[in-house]
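Residue numbers (my numbering): 170 to 814.
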Amino acid sequence: MILCSFKNLSLSFGSKVLFKNAELLIEQGDRIGLLGLNGKGKSSLFKILEGKQGADTSTPPFLFDKTQGFSLFHVPQEIPTEIPSQTSIQNCFWEFYPKFKESHHRLEILNQLIEKGEASDGDLEEQSRILDLFEGEDVWSLVHSFESYCKSLGLIDLSAPLNDLSGGQRKKILLALGLSAKDQLILWDEPTNHLDIETIKLFEEELLLTDQAYILVTHDRYLLGKVTTKIFQIKNQEIISFKGGYRDFLELEAQREQDRLSQLNKLQNSFRREDAWMKQGIKARGTRSKKRVEGFHDVKKKISELKGQAKRTLMLNVSEGNKKSKQLVDIKDLSFGYPNKDLFHHLSFSVYRGNKIGILGENGVGKSTLIKILSGEINEYSGQIKRAPDIKIKVFTQQRAELPLDKTPFEILGDGTDQVLLPNGGTQHVISYFKKFLFSGDEVHRPLHTFSGGERNRLQLALNLKDAADIWVFDEPTNDLDLETLDILEKTLQEFGGCILVISHDRSFLKNITNRLLLIENQQIEVFEGGYDQAEEYLEVKALEDQLLKESITEDTETKSPPINDSQPAIQQEVKKKKKLNLSPAELETKISETEALIEKIDALMNELAIHQESSEGVEKLAQLSEKKEEKEEYLLELYEALEE
170 MILCSFKNLS LSFGSKVLFK NAELLIEQGD RIGLLGLNGK GKSSLFKILE
220 GKQGADTSTP PFLFDKTQGF SLFHVPQEIP TEIPSQTSIQ NCFWEFYPKF
270 KESHHRLEIL NQLIEKGEAS DGDLEEQSRI LDLFEGEDVW SLVHSFESYC
320 KSLGLIDLSA PLNDLSGGQR KKILLALGLS AKDQLILWDE PTNHLDIETI
370 KLFEEELLLT DQAYILVTHD RYLLGKVTTK IFQIKNQEII SFKGGYRDFL
420 ELEAQREQDR LSQLNKLQNS FRREDAWMKQ GIKARGTRSK KRVEGFHDVK
470 KKISELKGQA KRTLMLNVSE GNKKSKQLVD IKDLSFGYPN KDLFHHLSFS
520 VYRGNKIGIL GENGVGKSTL IKILSGEINE YSGQIKRAPD IKIKVFTQQR
570 AELPLDKTPF EILGDGTDQV LLPNGGTQHV ISYFKKFLFS GDEVHRPLHT
620 FSGGERNRLQ LALNLKDAAD IWVFDEPTND LDLETLDILE KTLQEFGGCI
670 LVISHDRSFL KNITNRLLLI ENQQIEVFEG GYDQAEEYLE VKALEDQLLK
720 ESITEDTETK SPPINDSQPA IQQEVKKKKK LNLSPAELET KISETEALIE
770 KIDALMNELA IHQESSEGVE KLAQLSEKKE EKEEYLLELY EALEE
């Protein structure tokens, strides 16, 4: 079923054209990834869908057709600042449903009057009307679903106010709102920023289970690869629609690039021949010669167009300091905590030149704090840190510096000149420098208040990378970066020969950049010399162990009941078994399917573990799980036999 469609969609702001004459179709169940450079129209497209932004007047006119009863829910990047900081997690729900907010507030007042015995007949009637409204709109079901998702995401105290929550906890509120929404179309705007990897995996699973349509804006390529079946790309003032997932789209892009290069090569060969002919300076040309001249200019134009379609493969300026020592930092027996929370105990590891280290761990375990200690920002700790003499550490933090919104990038970087001083002592024109970060000449002269959040983040990256350092530290560098900028940063860091430390929830980024990984958990540190892949195996095995433990506890609970009397008739024994389990055969089959999935997962992990020649504990776990599966299958057979009788 078609939910909505656009025709003749154009949008521009002054001389800046975002898209022209676009046509889009969104159907029930569509899982859409929305791609495009920051500042090129992704947020504007969301606003048009919401009815908050009008399209340009055009001929033929813009058409926005929606199915009857069409509804959407927009999950923003951050909780809006206009929501009071004292608002509890629980009451955040009502802030996102303004049509019910006032009625809920009134209902609370009426309930208090009723409890005190001070309610009038009119108050009772008003309470009844609000309750009927909420029942008709299924509001209580929405509230219950929201609160359930909050708790499953680790937000246990729903009375906690916003100003007591971390960025990751606030993000979980937004996830719970989006996952509990019953609308036909959900708009997700960078939903994984500030989240740890385990929470992102839970989010992935929920997206794969939903039958709602959604549009997803994210820099998380793992997520895009797993949960999309359709792609919208904003590029060159067009919105391109592609039926297929993100990985399929990348394959198509790669094939298009090959075709472009092949066509460009043919045209350049033709151009060289025709250029030589043109340079012969033939004075008199007949009709045939004029057509050849026209053909020459056509080839020249096509070559220019094909070159303009090339994917940008720029390299950024990430400069290494002068320190040539092999060991840059040595940490021994490091412990640190705050008055109300210990973060880690007795950490020991070293950082060497050429290391590209990822730092992983759940939100709040102390990743950013560890960086502050390593860089010297925090000096009060227990243990020993030995740094190479005169070492220079540069940190690109999550908390981006405040920039003057009335100034242009040219004014900020040039500081009164048109040149930027490079780490090697040379200079480069400001506009040329910014081109490496995908800013055009016009954008360099625009005031910052006209920039999108992602464009400002890209600007922060440009301002930071003009310096040199012995250790570059990136704390969540991928937040709010578009995929094209992220790809360029990634390739640059892959080629960089110095030392890098990266805190990131972006699994693709960690996998492609790092050669070592530090995992902080249980106030300890685990070092994986095999990088992210090795750490991921460890985490998957650990998650399975936790799941098996829960299964075991559940089974123990189910089987704790008085023994069945052997003297009773067999059918009565089977009925008692059924009551004891408190499960229908269908429910038991579901459990068996879940167990089979677990076995397959363990099989896959065991294959990986065997390659790395690790312990055989996984084999024992596999045998234990297979035994549990057999037990459940026996129970199911017994129940079927009992039901048949």
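We treat Cβ as the ideally placed atom computed from N, Cα and C, and that holds for glycine.
Asked, Found
"Where alanine 445 falls, given that 16 or more other Cβ within 10 Å makes a residue buried", "exposed"
"Distance between lysine 211 and phenylalanine 233 (C-alpha atoms, nearest Å)", "17 Å"
"Where valine 186 sits in the DSSP three-state scheme", "strand"
"Entirely enclosed alpha helix (DSSP H) segments - the region 325 to 413, minimum 4 residues", "336 to 349, 366 to 378, 390 to 396"
"Buried or exposed (CB count within 10 angstroms, at least 16 for buried), alanine 423", "exposed"
"Own chain partners of serine 174 with C-beta closer than 6 Å, once the 5 adjacent residues on each side are dropped", "Leu194, Asp234"
"Beta-carbon gap between phenylalanine 579 and histidine 618 smaller than 7 Å", "no"
"Helix, strand or coil at aspartate 467 according to DSSP, with G and I counted as helix", "helix"
"Simplified DSSP assignment, three categories, for threonine 596", "strand"
"Inter-stretch contact at 8 Å, needing at least 3 Cβ pairs: the region 395 to 415 / the region 219 to 233", "no"
"Residue closest to histidine 514, alpha-carbon to alpha-carbon, out of Leu662, Asn648, Lys536, Gln692", "Gln692"
"Stretch pair the region 644 to 652 + the region 558 to 567: three plus CB contacts closer than 8 Å", "yes"
"Minimum C-alpha distance to leucine 512 - residue among Lys536, Asp307, Lys285, Val520", "Lys536"
"Segment contact flag, the region 369 to 382 with the region 258 to 266, C-beta cutoff 8 Å, min 3 pairs", "no"
"Inter-residue spacing [alpha-carbon to alpha-carbon] between glycine 208 and proline 558", "43 Å"
"For leucine 344 and leucine 322, believed in contact at Cβ under 8 Å, the rounded distance", "6 Å"
"Buried or exposed (CB count within 10 angstroms, at least 16 for buried), isoleucine 528", "buried"
"Given aspartate 365 as reference, the closest of Leu688, Glu695, Val599, Gly699 once Cα atoms are compared", "Leu688"
"Three-pair Cβ contact test at 8 Å for the region 179 to 187 versus the region 593 to 603", "no"
"Threonine 256 vs leucine 331 beta-carbon contact at 7 Å", "yes"
"For glutamine 693: DSSP bridge partner residues", "Glu690"
"The alpha helix (DSSP H) enclosing leucine 628, as first and last residue numbers", "622 to 633"
"Start and end residues, beta strand (DSSP E) containing glycine 202", "200 to 205"
"7 Å Cβ cutoff met for leucine 354 and alanine 382", "yes"
"The region 325 to 339 in contact with the region 283 to 296 per 3-pair CB rule at 8 Å", "no"
"Cβ-based neighbour list, serine 297, same chain, cut-off 8 Å, excluding 5 preceding and 5 following", "none"
"Rounded C-alpha distance that separates arginine 425 from glutamine 402", "15 Å"
"Backbone secondary structure at isoleucine 547 - three-state DSSP", "coil"
"Length of the line joining the Cα atoms of threonine 228 and serine 181", "15 Å"
"CA-to-CA distance, isoleucine 672 to isoleucine 640, given in whole angstroms", "14 Å"
"Given 8 Å, three or more beta-carbon pairs between the region 463 to 473 and the region 516 to 525", "no"
"Residue burial classification, aspartate 502 (beta-carbon count within 10 angstroms, cutoff 16)", "exposed"
"Supposed close pair leucine 311, lysine 351 - CB separation, criterion 8 Å", "7 Å"
"Cβ neighbour criterion (16 or more within 10 Å) applied to isoleucine 500", "buried"
"Alanine 638 in three-state terms, based on DSSP", "strand"
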